[in-house]
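Chains B and H, in that order, give the protein sequences.
For what it's worth, the numbering used here labels the leading residue of the first sequence as 1, then goes sequentially.
For what it's worth, the numbering used here labels the leading residue of the second sequence as 401, then goes sequentially.
To keep things clear, I will list the structure first and then write my remarks on it.
Number of protein chains: 2
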Amino acid sequence: MIAKSMESYVKGSSVIRAMFEEGARLAKIYGRENVYDFSLGNPNVAPPKELKDSVIDILESEEPTFVHGYMNNAGYEDVRNTIAQHLNKLHGTQFTDKNILMTVGAAGGLNVILKTLMDPGDQILVFAPYFGEYRSYAANYGAELVVVPPNLPTFQPDLKGLEQRITEKTKALILNSPNNPTGVVYSEETIKAIAAILNKKAQELGTDIYIIADEPYRELVYDGAVVPYLTKYYKNTVVGYSYSKSMSLPGERIGYLVLPDELADFENVVSAATTANRILGFVNAPSIMQLAVARCINASVDINIYNKNRETLYQGLSDLGYECTKPEGAFYLFMKSPLADETEFCQMAKEQRVLLVPGSSFACPGYVRLAYCVSYDTILGALPQMEKVMAQIKALPNQG
Amino acid sequence: MIAKSMESYVKGSSVIRAMFEEGARLAKIYGRENVYDFSLGNPNVAPPKELKDSVIDILESEEPTFVHGYMNNAGYEDVRNTIAQHLNKLHGTQFTDKNILMTVGAAGGLNVILKTLMDPGDQILVFAPYFGEYRSYAANYGAELVVVPPNLPTFQPDLKGLEQRITEKTKALILNSPNNPTGVVYSEETIKAIAAILNKKAQELGTDIYIIADEPYRELVYDGAVVPYLTKYYKNTVVGYSYSKSMSLPGERIGYLVLPDELADFENVVSAATTANRILGFVNAPSIMQLAVARCINASVDINIYNKNRETLYQGLSDLGYECTKPEGAFYLFMKSPLADETEFCQMAKEQRVLLVPGSSFACPGYVRLAYCVSYDTILGALPQMEKVMAQIKALPNQG
């Protein structure tokens with residue numbers, strides 16, 4: 001009796017549930033601390049202290065019907081203005097409150113902009129590997145996700161592959177840098193090349209093509225990597241942001257969309273997106289968290305913790321003979337599976353109590369993802385287990 | 401360049417925006433306190449003090465990565481269990497955490513259950529007058545909203561009208577009691593009659609018909625009115641609840657769905673609804689508010705404030721010669737327009753700085769809605785203005 005469109009999800013989610021249940025089963029047998037779970041992007045680093053202080057101060061000093069009440073569906077004007085000014089200071093942009101729409105996390109923001117832009121049959125381009133939820137978000141609005149295959153082994157975008165796939169139905173390109181699952185950051189040069197391709201094709205086809213920049217990992221970069229702000233390189237850019245990672249608030253569902261003045265059909269996009277926020281059932285981003293993130297706009301989690309994890313995990317796995325892409329951002333490490341079938345490799349790792357996600361979940365089979373937003377002990381404990389897995393693989397009949 | 405499906409919304413929302421801008425314009429000229437705005441259901445009664453204490457206590461005593469982190473997409477197990485036990489105590493039901501799905505308010509919950517159940521072309525029945533957003537929620541999933549016309553002047557459901565409109569495409573009936581916009585509460589007898597009709601027709605047609613009970617106003621009842629708990633009367637009932645009104649937290653977006661064991665296709669409905677919560681971009685209900693409402697599960701706003709407003713407004717308008725339905729619940733008063741065209745009446749009221757919503761927004765032209773979740777002074781100030789409006793109407797050529 002459930003909707004036909006939900007049937008495949010229910011089947012899929014029982015596979016994921018089976019994975020979680022297996023994790024829970026292992027934890028019960030061996031103890032939680034002896035299961036090395038790299039499967040989830042749930043930050044283990046505490047939110048900045050300023051966040052807690054801000055929430056308490058808001059509760060103590062502001063009128064409660066204001067703090068917990070409805071506001072414009074786009075969010076509190078002051079909050080949006082604070083964010084606009086913050087972005088302007090960082091990136092030399094010229095945003096005002098009118099360019100900011102507060103959303104229920106980045107996932108809410110992506111659904112809002114897709115509802116705003118997509119007609120059934122429209123195409124959304126994405127570079128593999130990509131966050132698997134994009135498939136669902138596109139399907140929610142009858143849009144088709146068109147995948148540019150992965151560009152091995154660098155995982156930088158395949159520009160020729162992009163150009164070949166642009167049609168008159170192409171309405172948007174989703175860019176996710178720093179990238180989940182690879183940790184790759186797209187360089188300014190790459191962004192300029194992508195913008196040139198989109199401009200050329202849009203002009204040829206007489207269409208508008210939007211870039212939707214999904215940027216929850218913007219602040220999580222290492223070794224001085226720079227993440228270009230895309231609105232400066234391509235006028236039809238919508239940025240989706242979330243405080244889930246930069247402030248470790250994934251459960252609170254707080255983020256925003258940036259809708260620059262330069263967008264094609266700007267006024268209608270803003271009006272439609274604000275309406276979409278309401279009619280999709282979000283109504284508005286959670287009110288007290290809007291006020292709180294604005295009060296500590298310069299605060300951030302301690303990224304050194306992730307960096308230490310990154311260095312140790314990358315070095316450790318490389319030393320064991322695993323082929324890894326060194327992540328420049330986010331908190332994911334993407335690693336080549338030593339077995340052609342990476343689900344088999346994940347199974348072997350699980351038997352050593354190490355939980356990985358198969359690359360096929362990100363349209364990139366033959367690889368696995370490790371989320372290193374875990375305790376340092378988890379990384380130290382996992383490496384000897386991964387050594388055993390490598391030894392087992394080397395002992396297999398058909399392996400080197 | 402926005403989606404075709406959004407174009408009519410953008411047109412519609414500019415009408416609403418024009419209304420708000422007019423309100424703001426009047427406030428600027430006459431002062432905010434001299435504009436009597438009954439247009440919005442934004443509670444003016446403060447949340448219970450326990451809510452603030454709970455949030456602060458959670459921040460002071462719990463691990464922040466737990467408070468602000470991801471949990472099961474259905475919500476924290478403990479929170480869901482607390483709510484289940486609370487419902488069981490109040491209603492003699494037998495729910496467990498498995499029957500509760502935490503949602504981003506009632507609007508989020510309705511979208512989740514419609515995504516779960518509706519295939520394009522499915523029909524959803526609703527009694528007019530009804531909350532206009534149901535139209536958008538149905539359209540989000542390609543479902544058709546089939547309206548049972550209003551049953552004047554009591555606004556109790558038209559049972560014959562219901563029965564006549566049930567077809568093999570009928571997948572759900574939305575019931576909203578206490579009702580927005582009428583304030584009417586459906587009696588136990590009415591609920592039993594509706595259940596009997598749905599059972600009979602579902603059996604005849606060989607289908608399952610769900611009741612979706614939209615209950616954000618459940619606790620806001622007056623004069624000892626009783627709101628039957630629908631899962632006890634009809635097995636295929638999903639309840640959507642929100643703390644927006646009972647705890648004055650509309651901006652926080654916190655509510656839940658009740659999915660009873662007795663539902664047709666129960667296991668799949670729960671699995672699909674949990675998945676829908678994720679893929680629609682809600683992911684989960686805001687985490688700290690989940691924890692907070694569970695900690696003060698017995699707290700509620702002071703309903704005496706709304707009751708005083710209700711009595712004064714109802715008595716005052718009736719004394720002036722307006723024909724009102726005395727509300728038994730919620731914080732809305734539905735009133736017959738003294739002019740055949742209620743938008744003309746709204747315009748006259750606005751010229752006296754009283755803002756009303758035309759009944760046509762609720763599929764019930766000829767009436768207007770007043771949201772009395774306002775200060776008592778607003779009510780006292782509005783009555784003399786409404787007296788002037790009545791005098792003007794009586795002086796019109798074609799009026800008594």
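By construction, the Cβ of each residue, glycine as well, lies at the ideal position given by its N, Cα and C atoms.
CA-CA distance, G583(H) and Y537(H)? One-based indexing of the second sequence puts residue 583(H) at position 183. One-based indexing of the second sequence puts residue 537(H) at position 137. Taking the straight line joining both Cα atoms gives about 22 Å.
Checking 8 Å against the spacing of the C-beta atoms, do L51(B) and M247(B) come in under that value? As a first step, residue 51(B) is located in the first sequence; it is residue number 51 there, counting from the start. As a first step, residue 247(B) is located in the first sequence; it is residue number 247 there, counting from the start. Yes. Within cutoff.
From the beta carbon of D665(H), is the nearest beta carbon of chain B less than 8 Å away? Along the second sequence, one-based indexing puts residue 665(H) at 265. It does: the Cβ of D665(H) has a partner Cβ on chain B nearer than 8 Å.
Go through its chain and collect everything with a Cβ distance to E615(H)'s Cβ below 7 Å, but skip five positions before and after it. To locate residue 615(H), count along the second sequence from 1; it is residue 215. Cβ within range, chain order: V639, G640, Y641.
Identify the continuous beta strand (DSSP E) that holds E544(H) and give its terminal residues. In the second sequence, residue 544(H) corresponds to position 144, counting from 1. Per DSSP, E544(H) belongs to the beta strand (DSSP E) from 544-548.
Report buried or exposed for T503(H), applying the criterion of at least 16 other Cβ atoms within 10 angstroms of its Cβ. Against the second sequence, residue 503(H) aligns to sequence position 103. Buried, since its Cβ has 16 or more Cβ neighbours within 10 Å.
Note down, in chain order, every chain B residue with its Cβ under 7 Å from the Cβ of A791(H). As a working mapping, residue 791(H) is identified with position 391 in the second sequence. By Cβ distance, chain B contributes nothing, its closest Cβ being about 34 Å from A791(H), past 7 Å.
I want to see whether chain H comes within less than 8 Å of F276(B), judged by CB atoms only; does it? Your numbering for residue 276(B) matches position 276 in the first sequence. The residue asked about is misnamed: residue 276(B) is Ala in this sequence, not Phe. Yes, because at least one Cβ of chain H sits closer than 8 Å to the Cβ of A276(B).
Alpha-carbon spacing of Y656(H) relative to A484(H), whole angstroms: Position 256 of the second sequence, counted from the start, is the residue given in the question as residue 656(H). Position 84 of the second sequence, counted from the start, is the residue given in the question as residue 484(H). Going by the C-alpha atoms only, they are around 11 Å apart.
Spatial neighbours of A672(H) within its chain, please: CB distance less than 7 Å, with the 5 preceding and 5 following residues excluded, ordered by chain position. Taking the second sequence and counting its residues from 1, one reaches residue 672(H) at position 272. The residues are T516.
Short of 7 Å in beta carbon distance, which residues of its chain neighbour T482(H), apart from the five on each side in sequence? Order them along the chain. As a working note, residue 482(H) is residue 82 in the second sequence. Answer for T482(H): A694, I697, listed in chain order.
Buried or exposed, going by whether 16 or more other CB atoms sit within 10 Å of the CB of K171(B)? If you number the first sequence from 1, residue 171(B) lands on position 171. K171(B) comes out buried.
To test your reading of the DSSP string, which unbroken beta strand (DSSP E) runs of 3 or more residues are found completely within the stretch 284-336 of chain B? 332-336
Between the Cα of A763(H) and the Cα atoms of P529(H), R565(H), M419(H), which residue gives the shortest distance? Position 363 of the second sequence, counting from 1, holds the residue named residue 763(H). Of the listed residues, the one whose Cα sits closest to A763(H) is P529(H).
Buried or exposed for E198(B), going by 16 or more other Cβ atoms inside 10 Å? Residue 198(B) sits at position 198 when you count from the first residue of the first sequence. It should be noted that the sequence gives Leu, not Glu, for residue 198(B). Label assigned to L198(B): buried.
Given that A507(H) touches chain B, what residues does it touch there, using C-beta distances under 7 Å? Locating residue 507(H) in the second sequence gives position 107, counting from the first residue. Neighbours of A507(H) on chain B, chain order: G281, V283.
Under 8 Å, do P260(B) and T231(B) count as touching if we go by C-beta distance? For the purposes of this step, residue 260(B) is identified with residue 260 of the first sequence, where counting begins at 1. For the purposes of this step, residue 231(B) is identified with residue 231 of the first sequence, where counting begins at 1. Contact: yes.
Am I right that V410(H) and N151(B) are in contact with their C-beta atoms under 8 Å? What's the rounded C-beta distance? Indexing the second sequence from 1 puts residue 410(H) at position 10. Indexing the first sequence from 1 puts residue 151(B) at position 151. Going by Cβ atoms, the distance from V410(H) to N151(B) rounds to 39 Å, so no, they are not a contact pair.
So, under 8 Å CB-CB, L356(B) and L339(B) are touching, yes? Tell me the CB distance rounded to an integer number of Å. The residue you call residue 356(B) lines up with position 356 of the first sequence. The residue you call residue 339(B) lines up with position 339 of the first sequence. That pair is no contact at about 12 Å.
Give the residues of chain B in contact with L517(H), contact being defined as C-beta atoms less than 9 Å apart. Along the second sequence, one-based indexing puts residue 517(H) at 117. Ordered by position in chain B, the residues that pass the 9 Å Cβ test against L517(H) are M1, I2, A3, M6.
Can you list, in chain order, the residues of its chain whose CB lies under 7 Å from that of T590(H), leaving out five sequence neighbours each side? Along the second sequence, read from residue 1 onward, the residue named residue 590(H) stands at position 190. Within the same chain, T590(H) has close Cβ partners Q556, P557.
Hey, how far is the Cα of V301(B) from the Cα of S687(H)? Here residue 301(B) is taken as the residue at index 301 of the first sequence, counted from 1. Here residue 687(H) is taken as the residue at index 287 of the second sequence, counted from 1. The straight-line gap from Cα to Cα measures roughly 18 Å.
Within chain H, the residues that L249(B) reaches when beta carbons sit closer than 7 Å: Locating residue 249(B) in the first sequence gives position 249, where the first residue counts as 1. Result: H468.
For Y706(H), is the beta carbon positioned less than 7 Å from some heavy atom of the ligand ZN? The ligand ZN is not among the ligands present in this structure, which contains no ligands whatsoever.
Measuring straight from C-alpha to C-alpha, what distance separates S318(B) and K326(B)? Against the first sequence, residue 318(B) aligns to sequence position 318. Against the first sequence, residue 326(B) aligns to sequence position 326. Looking at the two C-alpha atoms, the distance is approximately 10 Å.
For the beta strand (DSSP E) holding S642(H), just list the boundary residues, first then last. Taking the first residue of the second sequence as position 1, residue 642(H) is located at position 242. 637-642 is the span of the beta strand (DSSP E), which, as asked, contains S642(H).
Decide yes or no for the touch test of the stretch 30-48 of chain B against the stretch 368-386 of chain B: beta carbon pairs closer than 8 Å, at least 3 of them. yes
Member of K350(B), P365(B), P358(B), E219(B) whose CA lies at the smallest distance from the CA of A27(B): As a working mapping, residue 27(B) is identified with position 27 in the first sequence. Nearest C-alpha to A27(B): K350(B).
Beta-carbon separation (whole angstroms), R678(H) vs N473(H), contact threshold 8 Å: Within the second sequence, the letter at position 278 stands for residue 678(H). Within the second sequence, the letter at position 73 stands for residue 473(H). 5 Å between Cβ atoms; contact.
Through-space distance from Y76(B) to M289(B), alpha-carbon basis: As a position in the first sequence, residue 289(B) is number 289, starting the count at 1. As a position in the first sequence, residue 76(B) is number 76, starting the count at 1. Approximately 11 Å between the Cα atoms of the pair.
Identify each residue in the stretch 225-256 of chain B for which the Cβ-Cβ distance to at least one residue of chain H is less than 7 Å, and report them in chain order. S248, L249, P250, G251, E252, R253
Cutoff 6 Å; reference E163(B); Cβ partners in own chain excluding five residues on either side: For the purposes of this step, residue 163(B) is taken as the residue at position 163 of the first sequence. I197.
Just tell me which of K169(B), V221(B), L159(B), Y229(B) has its CA closest to the CA of D208(B). Numbered from its first residue, the first sequence carries residue 208(B) at position 208. That would be K169(B), whose Cα lies nearest to the Cα of D208(B).
Taking the DSSP output, what are the residues bridged to G255(B)? Position 255 of the first sequence, counted from the first residue, corresponds to residue 255(B). Answer is T103(B), S242(B), bridged to G255(B).
As assigned by DSSP and simplified to three states, the class of Q156(B): Translated into positions along the first sequence, residue 156(B) becomes position 156. Coil at Q156(B), not helix or strand.
Under 9 Å by beta carbon: chain H residues contacting D208(B): The count along the first sequence starts at 1 and reaches residue 208(B) at position 208. Result: M401.
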